[in-house]
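K.L.:
Could you have a look at this structure, given as structure tokens, before my questions?
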Amino acid sequence: MSLITLTTDFGLKDHFVGAVKGAIYSELPEAKIVDITHLISPFNITETSYILKNAYKSFPKGTIHIVGVDSELSTENKHIALELDEHFFICPDNGLISMVASEVNPTKIVEINIHDYIESSFPVLDVFVQVASHIARGGSLNIIGKEIQSYKKLVEIQPKVNQDQTIIVGGVIYIDNYGNVITNITKKLFSLIGKGRNFTISAGRYQFKKIVNQYNEIVDYTVPSEQRMYDGNKLTLFNSAGYLEIAIYKSNLETVGGASTLLGLGYRDTITIEFDTVVKPEFVPINS
Numbered sequence: 147m148s149l150i151t152l153t154t155d156f157g158l159k160d161h162f163v164g165a166v167k168g169a170i171y172s173e174l175p176e177a178k179i180v181d182i183t184h185l186i187s188p189f190n191i192t193e194t195s196y197i198l199k200n201a202y203k204s205f206p207k208g209t210i211h212i213v214g215v216d217s218e219l220s221t222e223n224k225h226i227a228l229e230l231d232e233h234f235f236i237c238p239d240n241g242l243i244s245m246v247a248s249e250v251n252p253t254k255i256v257e258i259n260i261h262d263y264i265e266s267s268f269p270v271l272d273v274f275v276q277v278a279s280h281i282a283r284g285g286s287l288n289i290i291g292k293e294i295q296s297y298k299k300l301v302e303i304q305p306k307v308n309q310d311q312t313i314i315v316g317g318v319i320y321i322d323n324y325g326n327v328i329t330n331i332t333k334k335l336f337s338l339i340g341k342g343r344n345f346t347i348s349a350g351r352y353q354f355k356k357i358v359n360q361y362n363e364i365v366d367y368t369v370p371s372e373q374r375m376y377d378g379n380k381l382t383l384f385n386s387a388g389y390l391e392i393a394i395y396k397s398n399l400e401t402v403g404g405a406s407t408l409l410g411l412g413y414r415d416t417i418t419i420e421f422d423t424v425v426k427p428e429f430v431p432i433n434s
């Protein structure tokens, strides 16, 4: 039985999501469809890439992932299907696969060519569903496209490191439902460049000199609960996906507010980490 996921910026008001699901069931009555999200910010490729990277690994091998964000076909925005980490992805070649493929190279990539006999202004419905159905029936990728060797890569998802490796310059790539700000700086890069040195994280007008391991680490549980005043405190940590996150403890967008609103941080804003020049003597190399 085929398992197909949907990730789009269609929202939930219009008919688009329902139409795509109906088309899948028409082709594959026994299919199982899982919505990853339909609330991607319109045309936000970086946000799509982040969400897809952190969602797909939870699905069983062989899952087919349809991704409909900025999917209109053009000479600069081809459609591709690829096999990666024993999963299949059907999406526009606009860079959204960059983060997913940052650690695992695709086994095969094809440029979809069935547009020759399918005219559509809604390619997710008319083209991507057909490709997904073909794969679900055990069809080869080579039947629906010409094999290619590369895909578009997003430059903005890669943080930069200065020449003497004392500064990492990253940016905001996603703001979650709690208003937490996720950057493109990974724990792996932080450890590799930082080498145990003291640091200062600069985010807008705010600075941080400590990264906690979990949100409630800032709470002193020796203080009686009625005397604790931590809600709304700002903090930084590496989230479950391994990316540096700037958060507000127990944030609530309707009351306390989130890091994005309270700290004035938005998509693509710059986040900088500056390290001391002296490496701590007790530092143990990451690959030791």
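So that you can map any letter, position 158 of the sequence shown is 304 in the numbering used here, and since no number is skipped, the others follow by simple counting. The beta carbon of each residue, even a glycine, is placed where N, CA and C say it ideally should be. In this text the structure is predicted, and so the values were computed from the model without any measurement.
Rounded to whole angstroms, what's the CA-CA distance from R414 to Y320? Just pull it up for me.
P.N.:
9 Å
K.L.:
Please state whether DSSP places H211 in a helix, a strand or coil.
P.N.:
DSSP places H211 in strand when its eight states are reduced to three.
K.L.:
Where does K298 fall in DSSP's three states?
P.N.:
coil
K.L.:
Is the segment 151-170 close to the segment 201-212, with three or more CB pairs under 8 Å?
P.N.:
yes
K.L.:
In whole angstroms, what is the alpha-carbon distance linking V307 and F354?
P.N.:
Straight-line Cα distance between these residues: approximately 19 Å.
K.L.:
Using only alpha-carbon positions, find the residue among A387, Y297, K254, P269 that is nearest to L287.
P.N.:
Considering only A387, Y297, K254, P269, the residue with the shortest C-alpha distance to L287 is K254.
K.L.:
Strictly under 8 Å for the Cβ-Cβ distance: is Y395 near chain B by that measure?
P.N.:
The structure shown has no chain B; it contains just one protein chain.
K.L.:
Whose CA, out of D272, I260, G340, S386, lies closest to the CA of N201?
P.N.:
The identity of residue 201 in the sequence shown is Ala, whereas the question assumes Asn. With distances taken between Cα atoms, A201 lies closest to S386.
K.L.:
Just to confirm the assignment, what range does the alpha helix (DSSP H) spanning L335 have?
P.N.:
333-340
K.L.:
Would G241 and I191 be called neighbours here (beta carbons separated by less than 8 Å)?
P.N.:
In contact: G241 and I191 (Cβ atoms closer than 8 Å).
K.L.:
Mind checking who Q353 pairs with in its DSSP beta bridge?
P.N.:
S348
K.L.:
From A165 to L271, what does the alpha carbon distance come to, in whole angstroms?
P.N.:
7 Å
K.L.:
Can you grab the Cα-Cα spacing for the pair R374 / I357, in whole Å?
P.N.:
Unreliable placement is indicated for R374, whose pLDDT of 49 sits below 50; the coordinate value is still reported in the next sentence. Taking the straight line joining both Cα atoms gives about 21 Å.
K.L.:
So for D322, helix, strand or coil by DSSP?
P.N.:
coil
K.L.:
Assign L390 to one of three DSSP states: helix, strand, or coil.
P.N.:
strand
K.L.:
Measuring alpha carbon to alpha carbon, tell me which residue in Y297, I417, H161 is nearest I226.
P.N.:
Y297
K.L.:
Measuring CA to CA, which of T382, D231, G291, S217 is closest to G404?
P.N.:
T382
K.L.:
Measure the C-alpha to C-alpha separation of G342 and V180 and round it to an integer number of angstroms.
P.N.:
42 Å
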